[in-house]
Structure formats: structure tokens, C-alpha cells
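Numbering-wise (my numbering), the sequence shown opens with residue 7 and increments by one.
Working notes for the structure below.
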Amino acid sequence: MSAEKECKPGPSCPDGVYVYDFEKKTWRLEEKLPFKENGYYVIYFDNTSCPACRKFDQEWFSFVESLDPPRPTLIVVLCNWFAKLCTSEYAKKLFEIFDIHISPTVFFMIRENGKITRMFKHEGLLNKEKLFFLHKAFKEFAEEDAPQQQSR
7 MSAEKECKPG
17 PSCPDGVYVY
27 DFEKKTWRLE
37 EKLPFKENGY
47 YVIYFDNTSC
57 PACRKFDQEW
67 FSFVESLDPP
77 RPTLIVVLCN
87 WFAKLCTSEY
97 AKKLFEIFDI
107 HISPTVFFMI
117 RENGKITRMF
127 KHEGLLNKEK
137 LFFLHKAFKE
147 FAEEDAPQQQ
157 SR
């Protein structure tokens, strides 16, 4: 894979959708929407022109590196400034689909049978401890809720 396709998301990377590879400990720039498979996803919507995002990056990347199995699919959706200033069509589309107007935003979601069945959106800064708390709480809620979940 070329160096251009791997980049720790932030101001020095191109706009796009990045997926974390736990085995290689690298972020891979995707050339498609990353939600084909069922599972648990945690998505960080990041703007390169956002000072709060630069502060949050330290917490986010520390959270990512500290996760134990089983792990969610981790995604960073990176634009210069929301969908308004974004050179990646995929990233722009995700900012629009998930209705992102505040950064940083972290989105927790479960996909089953190709559909989002459970989700939680947090807007604003979090520290690593609060990220872990939300991750654990959402995961437990999703597991408890799964048997009662109706198809939509």
C-alpha cells in the first residue's frame, strides 16, 4: 500500500474516510464508504480547521491505541470544514448523512442486516475516560437491546 493511502488522520492528511487497522496499527484511506459489513462502528467526524478537534485528537488516538478485543471498527471522517469545504466525496457524503454540524463529533452505531439499528451521537470534546465510558455503555446497551430489536 502506498504512503499516500496510509496517514494518521489530521491536518497533514487529505480529506477522506480513514479506517484503523488494528494489526498494522495504521490508518488506511478508504476509496469507498466503509459500512458494508454488519458490526459495531465508532466514527470520529473531524475538521482540519477545527482547534477543538486538534485538542480532541490526543484523546481519540490514545483511546484507539488502548482498546482491547473485541474492538469496534474505528473510522475518522476528515474534511477541511464540514461538508462545505471537503475535497472527498465520501467524507462529504458522510458529514451530510449523519447531519454533522459540530466538531468534534463521535458517532457510535450498530449495523445489522445492512441497516443502522442502534446509534448514539456525541457532539463536542471528550476526554479518553469519557470515550471509554460511552464506548462501554453503548456496547452494553446494544447487547442488551439486541434480542428485543424489531426489524425496521
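Beta carbons: idealized from backbone N, C-alpha and C, even for Gly.
Reduced DSSP category for residue i - H, G, I as helix; E, B as strand; rest coil
i	result
Lys136	helix
His141	helix
Asp151	helix
Ala9	Low local confidence applies: a pLDDT of 40 at Ala9 is under 50, so the model's placement there is unreliable, with the coordinate-based value given in what follows. Helix.
Arg158	Per-residue confidence for Arg158 stands at a pLDDT of 38, beneath the threshold of 50, marking its modelled position as unreliable; no derived number is given.
Asp21	coil
Asp27	strand
Glu118	strand
Leu80	strand
Leu91	strand
Neighbourhood of residue i by C-beta, 6 Å cutoff - its chain only, sequence neighbours within 5 removed
i	result
Val82	Pro15, Tyr24, Tyr50 and Asp52
Ser55	Asn86 and Trp87
Pro17	Thr54
Leu35	Lys11, Gly22 and Tyr24
Asn119	none
Beta-carbon spacing of residue i, residue j below 8 Å
i	j	result
Gly22	Ala143	no
Glu135	Ile108	no
Ile116	Tyr46	yes
Phe104	Phe114	no
Leu73	Cys19	no
Pro75	Val48	no
Own chain, CB closer than 7 Å to residue i, minus 5 neighbours either side, in chain order
i	result
Gln156	Reliability fails at Gln156, whose pLDDT of 47 lies under 50, so the model's placement of it is uncertain and the value that follows must be treated cautiously. Taken in chain order, the list of residues that qualify is empty.
Val70	Tyr26 and Leu80
Leu131	Ala58, Lys61, Phe62 and Pro110
Glu89	Residue identity check: residue 89 is Ala in the sequence provided, not Glu. Answer for Ala89: Lys98, Phe101 and Glu102, listed in chain order.
Glu150	none
Per DSSP, the bridge partner or partners of residue i
i	result
Asn53	Cys85
His128	Val112
Trp33	Tyr26
Tyr47	Thr79 and Met115
* **Touch test, the region 57-66 against the region 23-35, Cβ-Cβ under 8 Å, three pairs minimum** => no
* To do: Count the CB pairs spanning the region 114-127 and the region 82-97 that are closer than 8 Å, and state whether there are at least three.
  => no
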